[in-house]
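>
Residue numbers (this note's numbering): 80 to 873.
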């Protein structure tokens with residue numbers, strides 16, 4: 080529990096140390112939450128009205144395209160389209176062809192069992208096919224009034240022919256026989272729509288539409304009587320979708336729809352400001368009276384189609400409105416649809432153009448389709464032929480998507496409850512993601528290393544996948560604002576840290592990188608407390624150039640400086656490469672240590688590795704110096720492990736990162752002993768115990784008592800690595816002589832050391848102990864002698 084508390088406390092301190100970056104993340108989070116709220120409100124009133132909303136809608140279109148590639152379309156099989164296509168114009172004649180064909184079509188669909196037929200077409204003018212006969216009868220009637228004799232048989236034949244070729248009446252009769260037919264009407268908005276339509280015609284159309292208002296429009300508990308209805312109309316007016324006129328179907332067809340056999344529904348489609356159709360409007364207010372309280376609400380073609388498909392009476396379909404606008408649509412007890420405040424829903428397109436099945440009207444009229452094709456189906460009649468088709472821009476394509484298939488998608492969405500949802504659950508998810516990409520991400524950005532910060536952008540991958548997954552399940556999640564939150568948060572925090580925080584760290588790094596490797600600097604910058612003075616077990620290394628004074632006398636000042644700089648540079652690189660800390664240069668000597676400022680269990684091994692690397696590098700440099708005529712350099716290295724005081728030490732005016740204590744002094748003295756023993760790397764027994772890597776080769780050199788200390792210390796030489804096979808016999812001979820030496824068998828010890836020197840005369844420890852044995856043979860040491868050699872100097 081204490082460890083958890085300490086960890087939490089340390090994390091809080093780190094965050095507090097980066098409070099400037101956290102303040103930026105907090106600010107970014109708050110700003111984008113506010114922007115989201117503002118866009119959410121604006122989106123409900125004016126979709127695509129600003130650049131952020133338009134960009135979001137573009138990402139929504141992309142989601143449709145991605146889904147169409149990942150998932151095979153699954154349109155409702157109860158919906159089928161009868162297409163007024165190029166084939167129809169070839170078979171049935173130039174458009175507009177005789178409405179007799181629509182009558183034949185309805186009879187064929189009724190015979191095949193289609194449940195409801197809806198027309199994405201308005202028949203606002205009479206069929207022209209019978210007009211010549213009517214004009215001829217009118218002229219004959221005029222002649223009869225002028226007492227010109229007319230053969231009654233001619234008049235009777237004209238009556239018969241007029242009835243035979245009265246396509247409107249035949250179409251009307253077919254509608255009566257069929258029953259569930261929805262004819263389309265459309266509302267007029269622009270001045271161009273109203274051009275050439277006089278007031279009398281608009282009044283007549285309004286009167287014809289007046290027979291088919293929304294079956295049941297009722298106020299909810301939130302409504303405030305007539306005021307709420309007028310407010311609803313005003314909302315439509317504010318959005319620019321309040322009709323200024325209408326066109327309806329001619330009287331014979333309108334009469335045929337009477338007595339609840341059929342109805343009309345508007346098929347107006349309102350694209351977003353970028354021209355793409357993404358929403359469907361299910362109801363519109365309209366009237367010619369100056370008093371808007373006298374106006375009615377009218378249902379769309381889609382609503383009326385669903386009504387007759389489900390065989391709902393007027394008492395079972397409702398438009399509910401309240402103080403804020405339209406609240407819901409009810410289709411009996413099975414479907415309850417929640418639109419926006421003006422009755423719009425987001426279309427969840429099931430696929431690209433021709434996702435729903437198409438049958439040419441020519442095949443229906445000619446009855447050349449397979450029996451059962453339309454059994455219990457919703458049939459939508461519309462045009463796709465060039466020149467007459469109502470082609471629209473959708474997320475899938477630009478102006479080649481027939482309007483009738485848009486209605487098919489809307490009807491599919493209503494029947495299957497799969498409009499794109501953007502209500503409270505989706506809004507909550509949006510807000511949570513914006514928050515997560517704000518402050519929690521900022522907590523990480525404020526404490527991580529700057530070079531890791533770009534990894535934050537990888538969060539876009541799971542975020543995009545999650546947004547697409549939600550879209551597959553009918554959820555429209557905002558992709559733009561969370562992505563911008565992540566982008567802004569990462570960029571702004573990164574800029575702040577680079578320009579402000581990293582400026583201070585660069586000062587520390589500039590001062591500290593002369594002591595340690597870049598990795599150590601990174602850790603120190605992450606945890607500044609590491610540089611505070613403290614007791615720590617470390618491994619200290621001292622190295623020194625042998626005979627540097629005599630060498631310096633042979634070179635001029637510049638040559639000496641270049642030689643020394645070259646040597647110290649390479650030695651320092653080796654220390655850093657082995658993650659050591661450079662303490663200081665003492666003339667030609669180098670002091671370094673491992674295990675601080677951060678703890679490292681392998682500190683002694685790394686010191687040993689650095690020592691061997693230093694000798695290897697020196698050998699390479701020797702060859703280069705020899706070619707330049709420079710004197711050779713030899714070094715001795717002393718290594719000790721122990722507890723020392725490590726940290727920033729000095730005065731208030733100047734201080735440095737260093738290590739102090741007896742452990743440091745012993746390392747320095749071991750370095751000096753190399754001259755006496757003729758060795759290159761000497762370690763104390765403490766360093767030996769902790770530095771024994773599998774590939775290191777050691778040998779015990781001696782037991783010494785350092786001046787000023789009572790306790791003896793066993794010292795070892797790091798000879799090389801096990802890969803150096805030529806060293807093994809040498810070490811074995813030395814170990815044998817050392818064993819005789821410890822048993823005070825001076826003659827056998829001297830013989831072993833002598834044999835070693837025959838092959839390796841330069842072996843310093845063997846020569847030294849050989850001479851000692853010779854002395855002991857002449858004068859045996861005191862019986863109580865413990866084999867410890869006492870250092871006479873520091």
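Each residue gets a CB set at the ideal place from its N, CA and C atoms; glycine is no exception.
I'd like the span of the alpha helix (DSSP H) that includes residue 305, first residue to last.
305–318
> Considering only DSSP beta bridges, list what residue 671 is partnered with.
620, 661
> DSSP on residue 720, reduced to helix/strand/coil?
Residue 720 falls in the strand class under three-state DSSP.
> Taking residue 552 as the reference, give the member of 501, 560, 247 with the closest Cα.
501
> Find the nearest neighbour of residue 767 within the set 758, 759, 778, judged by alpha-carbon distance.
778
> Is it right to say residue 422 is buried, meaning 16 or more other beta carbons lie within 10 angstroms of its own, or is it exposed?
buried
> Note down the Cα distance separating residue 565 from residue 535, rounded to an integer number of angstroms.
Within the model, the alpha-carbon separation for residue 565 versus residue 535 is close to 8 angstroms.
> Quick one: what does DSSP say residue 474 is sitting in, helix, strand or coil?
coil
> What residue range is occupied by the uninterrupted beta strand (DSSP E) comprising residue 631?
Careful: residue 631 lies outside any beta strand (DSSP E), inside the alpha helix (DSSP H) at 627–633.
> Quick one: grab the DSSP three-state call for residue 178.
coil
> Mind checking residue 80: buried by the 16 CB within 10 Å criterion, or exposed?
Low confidence applies to residue 80: its pLDDT is 49, below 50, so where it sits in the model is not reliable enough to give any reading.
> What would DSSP say about residue 567, mapped onto helix, strand or coil?
helix
> Flag this pair as touching only if the region 660–673 and the region 732–752 have three or more C-beta atom pairs under 8 angstroms; answer yes or no.
yes
> Going by beta-carbon coordinates alone, are residue 836 and residue 794 separated by less than 8 angstroms?
no
> Using a 10 Å radius around the Cβ and a threshold of 16 neighbouring Cβ atoms, would you call residue 117 buried or exposed?
exposed
> Please work out which residues of its chain come closer than 7 angstroms, Cβ to Cβ, to residue 303, disregarding the five sequence neighbours upstream and downstream, and give them in chain order.
Once the five neighbours on either side are set aside, the close Cβ partners of residue 303 are 402.
> Return the chain-ordered list of same chain residues with a C-beta closer than 6 angstroms to the C-beta of residue 200, the five sequence neighbours on each side being excluded.
263
> So the alpha helix (DSSP H) residue 275 belongs to, where does it begin and stop?
That residue, residue 275, is in no alpha helix (DSSP H); it is neither H nor E in DSSP.
> Which residue or residues does DSSP assign as beta-bridge partners of residue 339?
Note: residue 339 is not bridge-paired with any residue in the DSSP secondary-structure output.
> So what's residue 270 in DSSP terms, helix, strand or just coil?
helix
> Could you say if the region 361–378 and the region 439–456 meet the contact criterion of at least three C-beta pairs nearer than 8 angstroms?
no
> Within the same chain, show all residues whose beta-carbon is closer than 7 angstroms to that of residue 666, passing over the 5 residues directly before and after it, in chain order.
none
> List the whole-angstrom C-beta distance separating residue 364 from residue 321, where the pair is believed to meet the contact cut-off of C-beta under 8 angstroms.
7 angstroms
> Taking the alpha helix (DSSP H) that residue 641 falls in, what are its first and last residues?
636–656 is the span of the alpha helix (DSSP H), which, as asked, contains residue 641.
> Can you tell me whether residue 301 is buried or exposed? The criterion is at least 16 other CB atoms within 10 Å of its CB, across all chains shown.
It is exposed - the Cβ of residue 301 has fewer than 16 other Cβ atoms within 10 Å.
> Could you name the residues of the same chain whose beta carbon sits closer than 6 angstroms to that of residue 639, not counting the 5 residues immediately before and after it, in chain order?
631
> Could you check the C-alpha separation between residue 913 and residue 528 for me, to the nearest Å?
Because the chain here runs from 80 to 873, residue 913 falls outside it and cannot be looked at.
> For residue 838, which of 342, 425, 806 has the nearest alpha-carbon?
806
> Curious, which full-length beta strand (DSSP E) runs of at least 3 residues does the region 402–489 contain?
404–410, 414–416, 423–425, 437–439, 457–462, 470–473, 476–481
> Got a sec? Which residues, its chain only, sit under 7 angstroms from residue 857 by beta carbon, not counting five neighbours each side?
Sequence-distant Cβ neighbours of residue 857 in its own chain, meaning closer than 7 angstroms and more than five residues away, do not exist here.
> Is residue 104 helix, strand or coil when you go by DSSP?
helix
> Could you compute how far the alpha carbon of residue 284 sits from the alpha carbon of residue 325?
Cα-Cα distance, rounded: 6 angstroms.
> Any idea what DSSP makes of residue 197, helix, strand or coil?
Residue 197 carries a strand assignment under DSSP once its states are collapsed to helix, strand and coil.
> If you draw a straight line from the alpha carbon of residue 865 to that of residue 634, how long is it in whole angstroms?
47 angstroms
> Using the C-alpha atoms, what's the distance from residue 559 back to residue 461?
36 angstroms
> Determine the closest residue to residue 341 out of 504, 781, 641, 196, with distance taken between C-alpha atoms.
196
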